[in-house]
Amino acid sequence: MSRLLECNGLSKNFGKLQAVANLDLTIAKGEIRGLIGPNGAGKTTVFNLLTGYYRPTGGKITFKGEDTTMLEPYQIAQKGLTRSFQQNFLFMQSTVLENTLTGFHMFCRAGAVKEFLHTRGAREFDRECREKALEIIDFMGLSPMKNELAGNLPHGHQRALGVSIAMACNPSLILLDEPVTGMNPTETEEMMTRIKNIRDRGITVVLVEHSMQLVMNICDRLTVLDYGQKIAEGLPEEIRRNPRVIEAYLGKEENSAAA
Amino acid sequence: MSKTAKLTLLGILFLILMAAPWMLNSYVLQILILTITYSMLGLAFAFTLKVGLPRFDIAGWWAVGAYTSALLMQKAHLSFWLTIPAGIIIAVALGWLIFSVAIPRGMMVFLLFGMVIVLAVEQIVGSVSFFGGWGGTGMLPHPTIAGYTIIKKPDLYYMGLFFLIVNILIYYLLYNSKIGRAWNAIGSSVKLANSVGINVVRYRMANVLIGNVFLAVAGSYFVAYSSVVAPSTFSFPNSVNIMMYVVIGGISYSLFGPLVGAAIITFIPEYFRIAKEKEPIFTAIAIILIIILMPAGVIGIFDRRAIPWFKRVRWLSWFTNKAKES
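Written out as structure tokens, the structure reads:
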């Protein structure tokens, strides 16, 4: 398996707090990787580092063989690494279709002047983008509400829309930050199928999630973080039995006895 | 509204505006000329608000355009029409220098830079004698076109109308292009815009500099109808007033909000002229009432899609939301 994303010795300090410490992570092409750990373990910080929202204090990130450590978020997105956010960051005043179309920003280039003058070529291009956007909306199961304002959607659909915006960027690696938070079991079930489908489209997926059901079911491999350090990595089965992981989640034996 | 209905309405509006000089006396026409200038300033504010940046430096760039035109006409005896591109070039070049420092540092720094620009421009043109000092430049020559001097109110009005329509047309085309979509994205969430590969700094810079172009034009236009240019016109309070046009008209109506707002704010004081020195008090009360009663702006009450009024108090929540994000 070829390496898509690699980080070596990745660290991030906020003052004296070490949010991520010396993390080595390798993501292979075509896998679904779960990033788990107790609250405050630094999972989202890792995402922010990988996508350029935070500058690492140390270490190196390589994506598709290129060094992306010091790049701006939009440059990393242009290289094909996109993400969804933990909160519902959407263009709330726009419709679902417009939201997804914004994701096409990098591709639908008819040229600034043509765009500006609304020439036939530009309109043609726009129609192509619209079709592609509709396809993604359909893929994420949002077609019945494609003309609704994003702000008026229920929570579950807003999460799905967040993913479809990221999908519209035509990424080769997509980072999903808690894709099923606040969803009911049916919605979670649907999202699980969709994440698998995303992988089947040839997009590598890394996800942060608290729902163990989801993580254990769909992830090929898991990486467990605790206090910014990697404490385990491997197949879901191995992780389930790993004593260090259980300790991180439930606390040490002595501690619980003392309490 | 359907597309044809919209076009018909715009056509009627255009005809009324074209016929205005025959129906109105020169006093009202003068107020209309002011309205046109203020509309262009308000448009620039709404324009940059699209990318999530509140501009407080509008009067400053307006002054750059006005002083360039005035001084070039007065000292170098250049034709008025040549001073317009000169003003644009200076406003864009200076703007690029200043904003390449301010824009990458986010919304708050941009806002503070704006305030500094207005105050600095007012001080510089006031205290450096080259610019004419606090009393303003001397009498200015009038613009001419093929030997014909543009001095009558209707001519000046048509000239302003031309500038305004070009301004609106270009803004309209920009709003409806891919650039406009990217601007909208930046305005609603910087983080998300970044994540879809939009270069926020570059798009914001383009927006602000295009705004500067039309601010410089508005400055030149001011020179055309005003016989003297003085620093007090470009003061900080005036810059804040411009924000009011946008709020009164309706902050989410980027094209017509500033026009309606500018018209209302220019005409209200005229109605209260009768109260003499107490006029500002009445004007202020009227503005406060408009804001309380029509939180979505004056256009908002005609907008059928409008959401409940308590959700429409966006101009207040706007700043708090943006401050959190960028």
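Sequences listed follow chains A and B, in order. Here the first sequence is numbered in my numbering, starting from 4 and rising by one per residue. Here the second sequence is numbered in my numbering, starting from 126 and rising by one per residue. By construction, the Cβ of each residue, glycine as well, lies at the ideal position given by its N, Cα and C atoms.
query: How many Å lie between Ser-151 (chain B) and Leu-157 (chain B) at the Cα?; result: 9 Å
query: Nearest-angstrom Cα distance between Pro-174 (chain A) and Ala-307 (chain B)?; result: 19 Å
query: Please list the terminal residues of the continuous beta strand (DSSP E) segment that includes Gly-124 (chain A).; result: Per DSSP, Gly-124 (chain A) belongs to no beta strand (DSSP E); it is in the alpha helix (DSSP H), 123 to 142.
query: Find the nearest neighbour of Lys-135 (chain A) within the set A:Glu-151, A:Asn-155, A:Phe-110, judged by alpha-carbon distance.; result: A:Phe-110
query: Figure out for me which residue from B:Lys-131, B:Tyr-296, B:Leu-142, B:Leu-334 has the closest Cα to the Cα of Phe-224 (chain B).; result: B:Leu-334
query: According to a CB-to-CB cut-off of less than 8 Å, which residues of the segment 321 to 350 of chain B neighbour chain A?; result: Val-321, Gly-322, Ile-323, Asn-324, Val-325
query: Can we say the segment 166 to 181 of chain A touches the segment 78 to 93 of chain A, given the rule of at least three CB pairs closer than 8 Å?; result: yes
query: So Gly-12 (chain A) and Asp-27 (chain A) are supposed to be a Cβ contact under 8 Å. How far apart are they, rounded?; result: 7 Å
query: Given that a residue counts as buried once 16 or more other Cβ atoms are within 10 Å of its Cβ, and exposed if not, what is Ala-191 (chain B)?; result: buried
query: Under the assumption that Ile-367 (chain B) contacts Gly-167 (chain B) (Cβ atoms under 8 Å), give the Cβ distance between them as a whole number of angstroms.; result: 6 Å
query: With a threshold of 8 Å between beta-carbons, can His-108 (chain A) be considered close to chain B, or not?; result: yes
query: Could you tell me the alpha carbon to alpha carbon distance between Ala-388 (chain B) and Gly-258 (chain B), rounded to whole angstroms?; result: 31 Å
query: Verify the CB distance criterion: does Ala-218 (chain B) have a CB-CB separation below 8 Å to chain E?; result: Absent from the structure is chain E; the protein chains it does hold are A and B.
query: So, helix, strand or coil for Leu-298 (chain B), using DSSP?; result: helix
query: Quick check on the DSSP output: what are the complete beta strand (DSSP E) runs of length 3 or more inside the segment 193 to 255 of chain A, in order along the chain?; result: 207 to 211, 224 to 229, 232 to 237
query: Among A:Tyr-56, A:Gly-68, A:Glu-34, which has the Cα closest to the Cα of Leu-238 (chain A)?; result: A:Glu-34
query: Taking all protein chains shown into account, do 16 or more other C-beta atoms lie within 10 angstroms of the C-beta of Asn-188 (chain A), making it buried, or fewer, making it exposed?; result: Residue identity differs from the one stated: residue 188 (chain A) is Pro in this sequence, not Asn. Exposed, because fewer than 16 other Cβ atoms sit within 10 Å of the Cβ of Pro-188 (chain A).
query: State the DSSP-derived secondary structure class of Pro-420 (chain B), mapped to helix, strand or coil.; result: coil
query: Using 8 Å as the Cβ pair cut-off and three pairs as the minimum, do the segment 188 to 201 of chain A and the segment 213 to 220 of chain A touch?; result: yes
query: For the segment 161 to 178 of chain B and the segment 377 to 387 of chain B, state whether three or more C-beta atom pairs, one from each stretch, are separated by less than 8 Å.; result: yes
query: Quick check on the DSSP output: the beta strand (DSSP E) that includes Thr-65 (chain A) runs from which residue to which?; result: 61 to 66
query: Take every Cβ of the segment 259 to 269 of chain B, pair it with every Cβ of the segment 128 to 138 of chain B, and state whether three or more of those distances are shorter than 8 Å.; result: no
query: Using a Cβ-Cβ cut-off of 8 Å, state whether Phe-142 (chain A) counts as contacting chain B.; result: no
query: How long is the line joining the alpha carbons of Asp-141 (chain A) and Leu-93 (chain A), rounded to whole angstroms?; result: 18 Å
query: Work out the CA separation of Ile-293 (chain B) and Gly-251 (chain B) for me, nearest whole Å.; result: 32 Å
query: Please list the residues of the segment 281 to 305 of chain B that have a C-beta atom closer than 8 Å to any C-beta atom in chain A, keeping them in chain order.; result: Leu-298, Leu-299, Asn-301, Ser-302, Lys-303, Ile-304
query: Take the Cβ of Met-143 (chain B) as the centre, count every other Cβ of all protein chains shown within 10 Å, and call the residue buried at 16 or more, exposed below.; result: exposed
query: State the Cα-Cα distance for the pair Val-414 (chain B) and Ser-364 (chain B), rounded to the nearest angstrom.; result: According to the sequence displayed, residue 414 (chain B) carries Leu and not Val. Their Cα atoms are separated by approximately 21 Å.
query: Taking the continuous beta strand (DSSP E) assigned at Ala-31 (chain A), which residues delimit it?; result: 20 to 31
query: Determine the direct distance from the alpha carbon of Val-166 (chain A) to that of Val-227 (chain A), and round the result to whole angstroms.; result: 23 Å
query: Flag this pair as yes or no: are the beta carbons of Gly-212 (chain B) and Val-315 (chain B) separated by less than 8 Å?; result: no
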